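Scroll down for the structure; my scribbles are underneath it.
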Amino acid sequence: MRYEPVIGLEVHAQIHTASKMFCGCPVMEDTGDLEPNTYVCPVCTAMPGVLPVVNERAIEIAVQTGLALHCDIPPLNRFARKSYFYPDLPKGYQISQYALPIAVDGHLTFEVNEVERKVGIRRAHLEEDAGKLYHQDGVSKVDLNRAGVPLLEIVSEPDMRSAEQARAYGEALRDILVYLGVNSGNMERGVMRFEANVSVRPAGSEEMGARHEVKNLNSFRALYDSIRYEIEHQISVLESGGQIEQQTMGWNEVDGVTVPQRGKEFAHDYRYFPEPDIPPLEISHEEVAALRSELPELPRAKKTRLIADYGLSVYDAELLVSDRDIAEYFERVVEAGAAPKEAANWITGELFRLMKEFNRPIDSIKTSPKALAALIALVEQDTVNKSTAKDVLQEMVVSGRDPDAIVAEQGLAQISDAGQLQDVIARVLDQHPEQVEEYLSGKEQVVGWFIGRVMRATRGKANPQLARELLRNQLEARRG
Ligand code: ADP
Ligand code: MG
Ligand code: ZN
Numbered sequence: 008m009r010y011e012p013v014i015g016l017e018v019h020a021q022i023h024t025a026s027k028m029f030c031g032c033p034v035m036e037d038t039g040d041l042e043p044n045t046y047v048c049p050v051c052t053a054m055p056g057v058l059p060v061v062n063e064r065a066i067e068i069a070v071q072t073g074l075a076l077h078c079d080i081p082p083l084n085r086f087a088r089k090s091y092f093y094p095d096l097p098k099g100y101q102i103s104q105y106a107l108p109i110a111v112d113g114h115l116t117f118e119v120n121e122v123e124r125k126v127g128i129r130r131a132h133l134e135e136d137a138g139k140l141y142h143q144d145g146v147s148k149v150d151l152n153r154a155g156v157p158l159l160e161i162v163s164e165p166d167m168r169s170a171e172q173a174r175a176y177g178e179a180l181r182d183i184l185v186y187l188g189v190n191s192g193n194m195e196r197g198v199m200r201f202e203a204n205v206s207v208r209p210a211g212s213e214e215m216g217a218r219h220e221v222k223n224l225n226s227f228r229a230l231y232d233s234i235r236y237e238i239e240h241q242i243s244v245l246e247s248g249g250q251i252e253q254q255t256m257g258w259n260e261v262d263g264v265t266v267p268q269r270g271k272e273f274a275h276d277y278r279y280f281p282e283p284d285i286p287p288l289e290i291s292h293e294e295v296a297a298l299r300s301e302l303p304e305l306p307r308a309k310k311t312r313l314i315a316d317y318g319l320s321v322y323d324a325e326l327l328v329s330d331r332d333i334a335e336y337f338e339r340v341v342e343a344g345a346a347p348k349e350a351a352n353w354i355t356g357e358l359f360r361l362m363k364e365f366n367r368p369i370d371s372i373k374t375s376p377k378a379l380a381a382l383i384a385l386v387e388q389d390t391v392n393k394s395t396a397k398d399v400l401q402e403m404v405v406s407g408r409d410p411d412a413i414v415a416e417q418g419l420a421q422i423s424d425a426g427q428l429q430d431v432i433a434r435v436l437d438q439h440p441e442q443v444e445e446y447l448s449g450k451e452q453v454v455g456w457f458i459g460r461v462m463r464a465t466r467g468k469a470n471p472q473l474a475r476e477l478l479r480n481q482l483e484a485r486r487g
């Protein structure tokens, strides 16, 4: 029997607003070195008598994300209490949304091995993050820095059919979130977490099998590996006559296996009910339209446009689009007059290498798009050759100076003046009569040797094509 995997993802994305979802505490990215319980107040630590106040910016960002995912934005929103007991949840319930979420019925389109896939988005709702347990000196402690950070939970339809598709969906979603400025996309800091719902069914069947829900997947690697494991595991259970029970699993990264956590809760276990301390929230057509008009161009549309408008390869376009600032930098280099293909080559080649070497993102690099375009022009006009230009770029990145100034000051301009080169070549030939004889007796390779001499005599600045042409002419002129 052949089986078909069925996968749906729930993605928790932190929203990095200035303050938390229901209080004024700052939202801090978890760099791992924050002092525990520093960014807390009576609201996010659930002191008696406090009241939540909704962060409007979080609502706006959630709506924009919903719009980017082609969702409908219902006019009425309502927060709900989701009750469960865990030490990192100080209120004993999480403020979430249930019947009336912020966004519904959307989709996300992306490519897997250049084949287009479209995955439905069931809903996206706002909630607050919980705190974190940590363990010190044999004692478990609670850190509430993260408690109350706005979270957007994005729930897909069960439309994915392989671990590869699920990973590509996650990556496409991350790119969109980063473009929208929802968060940094830094998975190591837990700004985006996955739950994978996985089932298998006989190929051709329309019915869905019972699913395992794998919680707390914090990397694309874990997402991919755990889904692959689940698919194989479930098929082998069914093959040997067993049954899959709906269940919550954890991922053991060390052993590469999923492990049962507890029986799956059903919605009624959470005793959802409307949050009495927050009035229903109305979002008007006008507000939605205004937020829609502020949406930036999204990664996939940008990629398509760069290919169409500039004739870039898919590969170059993907490299440039991977970061919104880099894509913008590229377009400004082209605007400043560089040929698109040359601009793409310089950015994805030398500039990326230098950014890595000096550990600087594009927005803190000192070389302006205009300056890079000027350097590309110097190569184009044969003022400097490519290898000199690479040295000049390094100097530009370090000092922020213009290429023309560097070339002038260090005397790096290529010698393309025929008269000047003729003199140098004549001198070189006069100094090496035996090699001239060798050439005249048919030894072609000597030309390369002479080019080397000419380069040495000009400290690498001779225009190589011109030098070769003049050299041949002079050698031929010495024939009988
Ligand atoms: P909950 O996990 O809260 O019970 P849902 O029932 O809405 O929520 O489903 C959560 C996720 O599980 C969704 O992404 C959905 O696409 C996916 N899903 C539902 N049923 C299956 C199934 N049989 N196999 C795989 N994924 C499923
Ligand atoms: Mg779930
Ligand atoms: Zn607080």
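In our numbering, the protein residues as written are 8 to 487. Note that CB positions come from ideal geometry on N, CA and C, so glycine has one too. The structure displayed is predicted, hence computed values, not measured ones.
{"Check": "By the three-class DSSP mapping on this structure, what secondary structure does Y46 have?", "Outcome": "coil"}
{"Check": "Look at the alpha carbon of D40 and the alpha carbon of L187, and state the distance between them as a whole number of angstroms.", "Outcome": "27 Å"}
{"Check": "In the DSSP output, what is Q143 paired with across the bridge?", "Outcome": "V146"}
{"Check": "Using the three-state DSSP reduction, which class does K450 fall into: helix, strand or coil?", "Outcome": "coil"}
{"Check": "What are the start and end residues of each continuous beta strand (DSSP E) run of 3 or more residues lying completely inside the stretch 259 to 315, in chain order?", "Outcome": "264 to 270"}
{"Check": "Would you tell me roughly how many angstroms separate the C-alpha atoms of H114 and P81, rounded to the nearest one?", "Outcome": "16 Å"}
{"Check": "Apply the 10 Å Cβ neighbour rule to Q427 and answer buried if 16 or more other Cβ atoms are within range, or exposed otherwise.", "Outcome": "exposed"}
{"Check": "Can you tell which of S233, Y279 and E282 has the C-alpha that lies nearest to the C-alpha of N259?", "Outcome": "S233"}
{"Check": "Quick one: does the C-beta of C30 sit closer than 8 Å to a heavy atom of the ligand ZN?", "Outcome": "yes"}
{"Check": "S169: which of Y141, V13, K309 and P303 sits nearest, CA to CA?", "Outcome": "V13"}
{"Check": "By the three-class DSSP mapping on this structure, what secondary structure does E123 have?", "Outcome": "strand"}
{"Check": "For the putative contact between G177 and F201, defined by C-beta atoms under 8 Å, what is the C-beta separation to the nearest angstrom?", "Outcome": "6 Å"}
{"Check": "Suppose the cutoff is 8 Å on Cβ atoms and the five residues either side in sequence are ignored; what does the same chain contact list for S291 look like?", "Outcome": "P82"}
{"Check": "Report the start-end ranges of each beta strand (DSSP E) in the stretch 155 to 218 that is 3 residues or longer and not cut off at the edges.", "Outcome": "157 to 163 and 199 to 209"}
{"Check": "For the stretch 84 to 99 and the stretch 312 to 331, state whether three or more C-beta atom pairs, one from each stretch, are separated by less than 8 Å.", "Outcome": "no"}
{"Check": "If you draw a straight line from the C-alpha of E160 to the C-alpha of L180, how long is it?", "Outcome": "12 Å"}
{"Check": "For R460 and G467, what's the separation of their Cα atoms in angstroms?", "Outcome": "10 Å"}
{"Check": "What span of residues does the alpha helix (DSSP H) with F337 cover, start to end?", "Outcome": "R331 to E342"}
{"Check": "How is R466 classed by DSSP in three states: helix, strand or coil?", "Outcome": "coil"}
{"Check": "With a cut-off of 8 Å on the beta carbons, I'd call A396 and L385 a contact; round off their distance for me.", "Outcome": "7 Å"}
{"Check": "Return the chain-ordered list of same chain residues with a C-beta closer than 7 Å to the C-beta of V295, the five sequence neighbours on each side being excluded.", "Outcome": "V70 and I80"}
{"Check": "Under the DSSP definition of a beta bridge, which residues are partnered with A20?", "Outcome": "L159 and M199"}
{"Check": "Can you pull the DSSP bridge partners for F86?", "Outcome": "Q104"}
{"Check": "Chain D beta carbons: is any one of them nearer than 9 Å to that of E476?", "Outcome": "Absent from the structure is chain D; it holds one protein chain and no more."}
{"Check": "What are the partner residues of F117, as DSSP defines its beta bridges?", "Outcome": "R124"}
{"Check": "Is T52 a contact residue of the ligand ZN, with contact defined as CB to any heavy atom under 8 Å?", "Outcome": "yes"}
{"Check": "Just checking my contact of A433 with Q472 at CB under 8 Å: how many whole Å lie between their CB atoms?", "Outcome": "Rounded, the Cβ-Cβ distance is 19 Å, inconsistent with contact."}
{"Check": "Indicate the three-state DSSP secondary structure (helix, strand or coil) for H240 in the structure shown.", "Outcome": "helix"}
{"Check": "Taking 8 Å as the cut-off, is the beta-carbon of V47 closer than that to any non-hydrogen atom of the ligand ZN?", "Outcome": "yes"}
{"Check": "Tell me, which residues are paired with R130 by DSSP?", "Outcome": "V111 and V162"}
{"Check": "Got a sec: does the ligand ADP put a non-hydrogen atom nearer than 8 Å to the Cβ of V111?", "Outcome": "no"}
{"Check": "How is Y93 classed by DSSP in three states: helix, strand or coil?", "Outcome": "coil"}
{"Check": "Could you please give me the residues that DSSP links to L79 through a beta bridge?", "Outcome": "Leu is not the amino acid found at residue 79; the sequence shown has Asp there. DSSP, once it has assigned bridges, lists V111 as partnering D79."}
{"Check": "Measuring CA to CA, which of R174, D95, Q172 and E135 is closest to Y141?", "Outcome": "D95"}
{"Check": "Closest to D430 by CA distance: which of L478, S243, M362 and A75 is it?", "Outcome": "L478"}
{"Check": "Measure the alpha-carbon distance for I238 versus R129 and round it to whole angstroms.", "Outcome": "23 Å"}
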